[in-house]
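Read the structure below first, then the notes.
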Amino acid sequence: MKQKILRITDISEIDTSRVSVFDMNNRYIDSRGNIYGLKFNRLTKKIEVIKLIRTHTDEAQFVQHRIIQKKIKIQQIQEKEQSEWHNYDTEDIPATAFNPRDAIERIISLIGPHRERLKGIIMNIKNSNAFTRDNKTESIELDNIFRNLDIDGIQQFEKIENYHRELTGYPRSITYYMAKLDPRSRDIVDSFGTESDRVMRYIFFYEMNNSITAMYRNLKKILINLTEFLSTKDIESMKNLTSFEKQSFEDANTSIENTLLEIDDVLDSLLPMDDFLHDPENL
């Protein structure tokens, strides 16, 4: 189910009586930066509103800014598509201002901070002691999520950084990379003939785009799964936890939510890459 982030003034605006199954992934952020989700209570058979994140003022402004920026970006893309469709028969489509190298280098610069943030999320959840070894089912599920974050997140970040260094510093033979291209891309590269610079430029953009996109899409699924798992805990009602432990839990949720917003930004920034790569004139 698609997740929506909705801005509200107060929690009272969330009418659970009108919530459908398609709304269960929605997130709500109020004027103070608190972020809420929805949960089905199996005992009462009713949908409840639960607090996911309580942010500080600067964090709230950051989250709200990212939401606004994303909405603006979506609106701009929609307006552009409508304009191009309207002018399709009469005008040439305007040249794109997309710069693939800048887009990739910007993402590579984010990989280090994102990798450290994943480690921080895992550490904060462990420090929260919200999930104990006494509950084997919870413990096993959380261990599996942490394992996925390590293998498909932390380790994949390192592999992409190494692959970027390989492609920019000591690439293998063109034949090696050619075998990894899809048929359409292989035809485009074949059209470059002996122009090895164009071939390697294409391969660099192609491989980085595929690696980054696949990794972040997979990481997004894992983090959404983790968010849903954490939402089963009403941390405020757990009297046995210290203030530090509760704050660690909230900090983990804040980092997850911010990372999900940044992942969407990364994926959005690479949306023009496919069109760019399939126009040989761009290379």
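In case it helps, our numbering puts the sequence shown at residues 195 to 477. Just so it is clear, CB atoms sit at the ideal spot from N, CA and C, and this is done for glycine as well.
- Per DSSP, reduced to three states, the secondary structure at Glu242 is strand.
- For Val383, the CB contacts under 6 Å within the same chain, skipping 5 residues up- and downstream, are Val393 and Tyr396 in chain order.
- Short of 7 Å from the beta carbon of Val213, and not among the five residues preceding or following it, lie these beta carbons of its own chain, in chain order: Leu232 and Ile241.
- Here Arg221 is bridged, per DSSP, to Ile199.
- For the pair Leu464 and Asn403, the CB atoms are nearer than the 8 Å cut-off.
- For Asn404, the three-state secondary structure derived from DSSP is helix.
- For Asp224, the closest alpha carbon among the candidates Asp217, Ile244 and Asn235 is that of Ile244.
- Ranking Arg295, Ser333 and Thr369 by CA distance to the CA of Thr388 puts Thr369 first.
- The segment 341-348 and the segment 409-424 touch, with three or more beta-carbon pairs separated by less than 8 Å.
- Tyr357 and Arg366 have their C-alpha atoms some 11 Å from each other.
- Per DSSP, the unbroken alpha helix (DSSP H) holding Asn342 starts and ends at Lys330 to Leu343.
- By DSSP's assignment, Gly231 forms a beta bridge with Ile244.
- Fully enclosed beta strand (DSSP E) runs of no fewer than 3 residues are not present anywhere in the segment 412-447.
- Residue environment: Gln350 is assigned as buried (16 or more neighbouring CB atoms within 10 Å of its CB, all protein chains considered).
- Nearest Cα to Asp346 within the set Lys415, Asn321, Ile334 and Ser303: Lys415.
- Counting the other Cβ atoms within 10 Å of the Cβ of Thr326 gives fewer than 16, which makes it exposed.
- Put simply, the backbone Cα of Met317 is about 25 Å away from that of Ala408.
- Lys313 carries a helical assignment under DSSP once its states are collapsed to helix, strand and coil.
- Around the beta-carbon of Ala324, 16 or more other beta-carbon atoms lie within 10 Å, marking it buried.
- Rounded to the nearest angstrom, the Cβ distance from Asn447 to Leu424 is 6 Å, consistent with a contact under 8 Å.
- Using a Cβ distance threshold of 8 Å, Ile315 and Ser449 count as a contacting pair.
- Each of His472, Arg226 and Gln441 was checked against the Cα of Asp376, and the nearest Cα belongs to His472.
- Per DSSP, the continuous alpha helix (DSSP H) segment holding Pro377 begins and ends at Pro377 to Ser385.
- Under a 10 Å Cβ-count criterion, Ser322 is classified as buried, with 16 or more other Cβ atoms of the shown protein chains found around its own Cβ.
- Lys353: member of the alpha helix (DSSP H) spanning Gln349 to Gly363, first to last residue.
- Taking 8 Å as the cut-off, the beta carbon of Ile298 is found no closer than this to the beta carbon of Glu355.
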